[in-house]
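**Student:** Heads up: the sequence lines are chains R and E, in that order. With this note's numbering applied, the first sequence corresponds to residues 379 to 618, in that order. With this note's numbering applied, the second sequence corresponds to residues 379 to 618, in that order. Beta carbons: idealized from backbone N, C-alpha and C, even for Gly. Note that this is a predicted model, so its numbers are computed, not measured. Here it is, the structure, as structure tokens.
Number of protein chains: 2
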Amino acid sequence: MRYELYYWPHIQGRGEYVRLALEEGEADYVDVARLPENEGGGRPAVAKLLQDASNKQPPFAPPLLKAGKIIISHTANILQYLGPRLGLAPKAEAMRLYAHGLQLTITDFVREAHDVHHPIANSLYYEDQKVEALRRSGHFKAERLTKFTNYFETVLARGGGKFMLGKSLSYVDLSMFQVMASLNYAFPQTMVGMRAKIPRLNALHDLVAARPRIARYLASPARLPFSTHDLMRHYPELDA
Amino acid sequence: MRYELYYWPHIQGRGEYVRLALEEGEADYVDVARLPENEGGGRPAVAKLLQDASNKQPPFAPPLLKAGKIIISHTANILQYLGPRLGLAPKAEAMRLYAHGLQLTITDFVREAHDVHHPIANSLYYEDQKVEALRRSGHFKAERLTKFTNYFETVLARGGGKFMLGKSLSYVDLSMFQVMASLNYAFPQTMVGMRAKIPRLNALHDLVAARPRIARYLASPARLPFSTHDLMRHYPELDA
């Protein structure tokens with residue numbers, strides 16, 4: 379099965395959580411929008427799939443994964459589907475439900491981190507909501523960032539292993555790596571200040587980054603750089 | 379199997395999406411926190427489960443569903459689990475993935491509607507972020523509310539039936555009813571203005587409300603009233 383990922387080609391975004399699973403799982407896949415436009419790629423490829431009026435099950439937004447005739451939407455839903463197929467999910471139902479719950483908490487966390495720089499509207503530039511963003515960033519750093527990272531640190535401590543589900547790697551670890559890498563980029567000063575409180579999360583970040591397939595991917599041109607067009611953004615004034 | 383729902387007892391909130399499925403599916407369940415505190419209920423029951431240090435798979439937030447020894451977190455995850463067991467999910471994998479994707483889009487929509495009155499921080503009162511809320515509400519009504527409702531209207535139109543997945547009721551319809559009911563409460567003027575554009579969504583709302591088990595539930599004391607403590611809130615200035 380050759381999977382087709384449809385996601386905006388200029389950012390890591392939510393698509394990156396899927397890319398990391400496809401890479402670690404050595405899946406046969408095409409990152410469709412990264413192909414040149416004259417080969418059916420680019421942003422038009424994503425728009426075309428979103429706007430396909432013949433689709434009786436229309437999706438709302440990317441990332442989308444095409445697996446044969448099936449189109450799957452939402453990052454956590456895609457990962458839940460891919461996990462067992464790529465050897466990145468546990469076998470027991472209870473643990474799969476727990477993994478999906480963790481992934482949905484990651485979804486919420488990423489969303490809150492995004493809304494720090496866009497508290498009013500996605501349709502406005504950051505500069506047009508900077509006053510509100512500054513106010514929100516204070517609450518985010520003091521309350522939410524701490525609450526989420528403490529929670530994930532507890533998950534690692536309780537699990538009895540180095541990974542989110544305990545002794546075995548799962549797609550949740552790859553996503554947790556991406557969250558930590560994004561936070562280290564967007565809030566470097568804040569994250570250094572928190573370092574002593576989240577040793578397990580930092581160790582997990584390093585462990586995932588050092589896995590051969592992930593390390594190779596991160597060093598390749600396929601890995602897009604962090605930027606102020608992405609979900610988490612580095613604006614020094616929001617980190618201060 | 380007697381299910382145990384753990385959710386804050388004073389609001390509909392995210393727990394209501396689970397309650398509606400349990401009611402329509404005639405499940406054997408206890409809404410634990412609605413029991414008196416001296417019978418193991420109330421808010422302490424939820425807090426106790428959240429803070430149980432012996433739990434090796436700790437949850438982040440309610441609603442939580444206990445099904446035997448399994449604890450499931452996140453509304454969409456709970457509904458995905460309950461759906462097939464209560465006759466409220468399709469059989470084919472592709473349609474189950476689509477249903478879950480729709481539910482996750484509903485999750486995002488509800489979250490955005492909530493953030494209208496809390497754009498800066500959940501830890502602050504509405505009155506302390508009213509200026510920002512007013513600004514956000516304008517963008518929400520003009521951009522996001524329209525985008526989401528148009529999308530769900532398209533889902534109904536493409537599905538070829540009265541329900542979100544076509545000809546059969548699923549848990550997604552119950553959730554869509556709850557979204558529409560909440561929007562009609564929170565933004566009555568705006569929703570009346572949009573009425574002509576979303577005939578299928580309004581018809582779905584009425585169809586679900588008229589189902590015998592749902593009608594009986596809505597008329598019972600178990601159905602909590604809408605309020606300005608809930609996810610969607612009626613503040614006339616945000617609806618104007």
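At a Cβ threshold of 8 angstroms, is E:A425 touching chain R?
**Tutor:** By this cut-off, E:A425 is not an interface position.
**Student:** By alpha-carbon positions, which one of E:A511, E:M542 and E:P437 ends up nearest to E:L620?
**Tutor:** Outside the displayed range of chain E (379 to 618) lies residue 620 of chain E, so it cannot be described from this structure.
**Student:** For R:A445, which residues does DSSP report across the bridge?
**Tutor:** R:I448
**Student:** Go ahead and pull the three-state DSSP assignment for R:Y384.
**Tutor:** The answer is strand: DSSP assigns R:Y384 an E or B state.
**Student:** At what residues does the beta strand (DSSP E) containing E:V408 begin and finish?
**Tutor:** Y407 to D409
**Student:** Alpha carbon to alpha carbon, how far is R:T532 from E:V488?
**Tutor:** 28 angstroms
**Student:** Starting from E:G465, follow its DSSP beta bridges and name the residues at the other end.
**Tutor:** Per DSSP, none; premise fails for E:G465.
**Student:** Distance check for R:N562 and E:G420, CA to CA, integer angstroms please.
**Tutor:** 40 angstroms
**Student:** Please compile the residues from chain E whose C-beta is within a distance smaller than 7 angstroms of the C-beta of R:T527.
**Tutor:** Those within 7 angstroms of R:T527 in chain E number zero; the least Cβ separation is about 12 angstroms.
**Student:** How many Å lie between E:L616 and R:R591 at the Cα?
**Tutor:** 50 angstroms
**Student:** Measuring straight from C-alpha to C-alpha, what distance separates R:A445 and R:A399?
**Tutor:** 15 angstroms
**Student:** Using a cut-off of 9 angstroms between C-beta atoms, extract the partners of R:Y476 located in chain E.
**Tutor:** Q435, P437, I448, I449, I450 and S451
**Student:** Determine which residues of the stretch 532-554 of chain R have a Cβ less than 9 angstroms from any Cβ of chain E, and write them out in chain order.
**Tutor:** T532, V533, R536, G537, G538, L543 and G544
**Student:** Listed from N- to C-terminal order along the chain, which residues in the stretch 458-485 of chain R have their beta-carbon within a distance smaller than 7 angstroms of any beta-carbon of chain E?
**Tutor:** Y459, A472, L475, Y476, H478, G479, L482 and T483
**Student:** If we count Cβ pairs, one from each stretch, closer than 8 angstroms, do we get three or more for the stretch 465-472 of chain R versus the stretch 582-589 of chain R?
**Tutor:** no
**Student:** Can you look up E:G420 in the DSSP assignment and give me helix, strand or coil?
**Tutor:** coil
**Student:** By DSSP's criteria, E:F541 is part of a beta bridge. Which residues make up the other side?
**Tutor:** E:G544
**Student:** Would you please verify whether the beta carbon of R:E505 is less than 8 angstroms from any beta carbon of chain E?
**Tutor:** No, R:E505 does not count as interfacial toward chain E.
**Student:** Classify E:Q429 as buried or exposed, calling it buried when 16 or more other Cβ atoms lie within 10 Å of its own Cβ.
**Tutor:** exposed
**Student:** Determine the extent of the alpha helix (DSSP H) in which R:T568 is found, giving its start and end residues.
**Tutor:** In the DSSP assignment, R:T568 falls within the alpha helix (DSSP H) that extends over P566 to M572.
**Student:** Let me confirm a value: E:K434 is counted as buried when at least 16 other C-beta atoms fall within 10 Å, else exposed. Which label applies?
**Tutor:** exposed
**Student:** In the structure shown, what three-state DSSP assignment does E:R412 receive?
**Tutor:** Note: E:R412 maps to helix in three-state DSSP.
**Student:** Over the uninterrupted alpha helix (DSSP H) stretch that includes R:K591, give me the two end residues.
**Tutor:** Note that residue 591 of chain R is Arg in the sequence shown here, rather than Lys. Residues P590 to L596.
**Student:** Among residues of its own chain, excluding the 5 on either side of R:V424, which ones have a beta-carbon nearer than 6 angstroms to its beta-carbon?
**Tutor:** Y384, A411 and P440
**Student:** So, helix, strand or coil for R:K508, using DSSP?
**Tutor:** helix
**Student:** Compare the C-beta of R:S605 against all C-beta atoms of chain C and say whether one is closer than 8 angstroms.
**Tutor:** The structure shown contains no chain C; its protein chains are R and E.
**Student:** Beta-carbon within less than 7 angstroms of E:V550's beta-carbon, same chain only, minus the 5 sequence neighbours each way: which residues are those?
**Tutor:** A477, L480, Q481, M542 and L543
**Student:** Grouping DSSP H, G and I as helix and E and B as strand, with all else coil, what is E:Q433?
**Tutor:** Sequence check: residue 433 of chain E is Asn here, not Gln. E:N433: coil per DSSP, three-state reduction.
**Student:** Closest by CA to R:D608, which one among R:N500, R:K519, R:S598 and R:R514?
**Tutor:** Restricting attention to R:N500, R:K519, R:S598 and R:R514, the CA atom closest to the CA of R:D608 is found in R:N500.
**Student:** Count the other CB atoms, across all protein chains shown, that sit within 10 Å of the CB of E:T606; report buried if there are 16 or more and exposed otherwise.
**Tutor:** Around the C-beta of E:T606, fewer than 16 other C-beta atoms lie within 10 Å, and the residue is accordingly described as exposed.
**Student:** Using the three-state DSSP reduction, which class does E:D608 fall into: helix, strand or coil?
**Tutor:** coil
**Student:** Can you tell me which of the three DSSP states R:N562 falls into?
**Tutor:** In the three-state scheme derived from DSSP, where H, G and I count as helix and E and B as strand, R:N562 is classed as helix.
**Student:** So, E:F530 versus E:M569, is the Cβ gap smaller than 8 angstroms?
**Tutor:** Here E:F530 is not near E:M569, since their CB atoms are 8 angstroms or more apart.
**Student:** Between the Cα of E:H612 and those of E:Q567, E:M572, E:A588 and E:E382, spot the shortest distance and give me the residue it belongs to.
**Tutor:** E:Q567
**Student:** Return helix, strand or coil for R:H583, following the three-state DSSP convention.
**Tutor:** helix
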